[in-house]
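Since the structure comes first, as structure tokens, the remarks are kept for the end.
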Amino acid sequence: MSCTGQYDFCVVAGDNLDFKVRYKSGDEYVNISDYTARMQLRKRLTDENPAATATCVVTDALKGEITCSLTKDETTALVTLPSSKARYFYDVEYISPTDNKLTIISGSIDVHIGVTR
Numbered sequence: 001m002s003c004t005g006q007y008d009f010c011v012v013a014g015d016n017l018d019f020k021v022r023y024k025s026g027d028e029y030v031n032i033s034d035y036t037a038r039m040q041l042r043k044r045l046t047d048e049n050p051a052a053t054a055t056c057v058v059t060d061a062l063k064g065e066i067t068c069s070l071t072k073d074e075t076t077a078l079v080t081l082p083s084s085k086a087r088y089f090y091d092v093e094y095i096s097p098t099d100n101k102l103t104i105i106s107g108s109i110d111v112h113i114g115v116t117r
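The numbering used here numbers the first residue of the sequence shown as 1 and each following residue consecutively.
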């Protein structure tokens with residue numbers, strides 16, 4: 001059994017988010033040719049539907065690297081006024097060509113309203 005890596009971070013609502021992840025086994029990168037990946041955000045871990053689903057693409061298969069992205073419109077939608085911030089939980093899942101799923105990293109994302117408009 002393995003546990004996922006943990007990474008918490010923040011983003012300003014209205015900013016684009018590009019989040020890179022690399023898959024390693026021990027000291028070696030895992031070749032993820034023909035893999036897919038996905039990242040979802042949920043307000044509560046038990047929520048049935050995700051608040052957002054990032055677009056994830058393989059950016060360097062030999063180094064196990066993907067980039068997951070949310071657009072500025074998607075990050076804007078994560079904070080509802082009158083609140084000035086919101087916290088979401090996320091994880092990133094790699095899916096092998098044989099449909100084996102492995103959650104690589106998880107954590108929380110704090111989304112704050114920016115000052116500059």
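Every residue gets a Cβ at the ideal spot worked out from N, C-alpha and C, and that includes glycine. Only a predicted model underlies this, so the values are computations on that prediction, with no experimental measurement involved.
Give a yes or no on whether the C-beta atoms belonging to residue i and residue j are separated by under 8 Å.
i: GLY97; j: ASP34; result: Here the sequence assigns Pro to residue 97, which means Gly is not the residue at that position. Taking 8 Å as the Cβ cut-off, PRO97 and ASP34 qualify as a contacting pair.
i: THR55; j: ALA13; result: no
i: LYS20; j: THR71; result: no
i: LEU102; j: TYR94; result: yes
i: ALA51; j: ASN31; result: no
i: ARG38; j: GLU65; result: no
i: ASN16; j: SER83; result: no
For residue i, count neighbouring Cβ atoms within 10 angstroms of its own Cβ and tell me buried if that reaches 16, exposed if not.
i: MET1; result: Note that MET1 scores a pLDDT of 44, beneath 50, so its modelled location is shaky and nothing firm can be said.
i: LEU45; result: exposed
i: VAL115; result: exposed
i: VAL57; result: exposed
i: ILE104; result: buried
i: ARG117; result: exposed
With a cut-off of 8 Å on the beta carbons, I'd call residue i and residue j a contact; round off their distance for me.
i: CYS10; j: ASP99; result: Contact doesn't hold; Cβ gap of about 33 Å is too wide.
i: THR4; j: ASP91; result: 7 Å
i: GLY107; j: ASP8; result: 4 Å
i: TYR29; j: LYS63; result: 5 Å
Would you mind reading off the limits of the beta strand (DSSP E) that contains residue i?
i: ASP91; result: 85 to 95
i: LYS43; result: Counting along the chain, LYS43 falls outside any beta strand (DSSP E), and DSSP gives it neither H nor E.
i: THR103; result: 101 to 113
i: ARG117; result: It is not in any beta strand (DSSP E) - ARG117 carries neither H nor E in the DSSP assignment.
i: VAL11; result: 9 to 13
i: LEU17; result: 17 to 22
i: ALA54; result: 52 to 60
Under DSSP, the alpha helix (DSSP H) around residue i begins and ends at which residues?
i: THR75; result: 72 to 76
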